[in-house]
Amino acid sequence: MNKSDGYTKFQVGFHIFIVLIALGIIASYALNDFQVSYVIIGSVIAIGSIYQLYKLIKNTKSVNEKSD
């Protein structure tokens with residue numbers, strides 16, 4: 023395992039953590055005291071992190087296919 027594999031695993035874990043936190047923020051403010059601004063901020067954070075995960079996984083798959 024080289025440095026880039028460890029960094030990739032860290033990025034995946036980090037973005038999953040951020041998505042979970044953002045979904046918690048969205049659920050908390052949507053269910054209790056609905057405040058649109060917090061729901062929007064949580065949604066933007068979640069969407070950005072999901073997009074980064076998608077790019078990371080897509081890039082990792084293409085690198086693995088090229089090396090095989």
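Just add 22 to the spot in the sequence shown (first one is 1) and you have the numbering used here. Glycine included, every Cβ here is placed at the ideal spot set by N, Cα and C.
query = Of the choices Asn-86, Phe-32, Thr-30, His-37, whose alpha-carbon is the least far from that of Gln-74?
reply = With distances taken between Cα atoms, Gln-74 lies closest to His-37.
request  = Could you pull out every residue in the same chain whose Cβ sits closer than 7 Å to the Cβ of Ile-72, ignoring the five residues on either side in sequence?
outcome  = Closer than 7 Å at Cβ, skipping near neighbours: Val-41.
inquiry  = What would DSSP say about Asp-55, mapped onto helix, strand or coil?
reply    = In this structure, Asp-55 counts as coil in the three-state DSSP scheme.
request  = Mark Gly-46 as exposed unless 16 or more other C-beta atoms lie within 10 angstroms of its C-beta, in which case mark it buried.
outcome  = Using a 10 angstroms sphere on the CB of Gly-46, the tally of other CB atoms stays under 16, which defines it as exposed.
ask   = Cα-Cα, which of Ile-79, Val-58, Ile-48 is closest to Gly-35?
value = Each of Ile-79, Val-58, Ile-48 was checked against the Cα of Gly-35, and the nearest Cα belongs to Ile-79.
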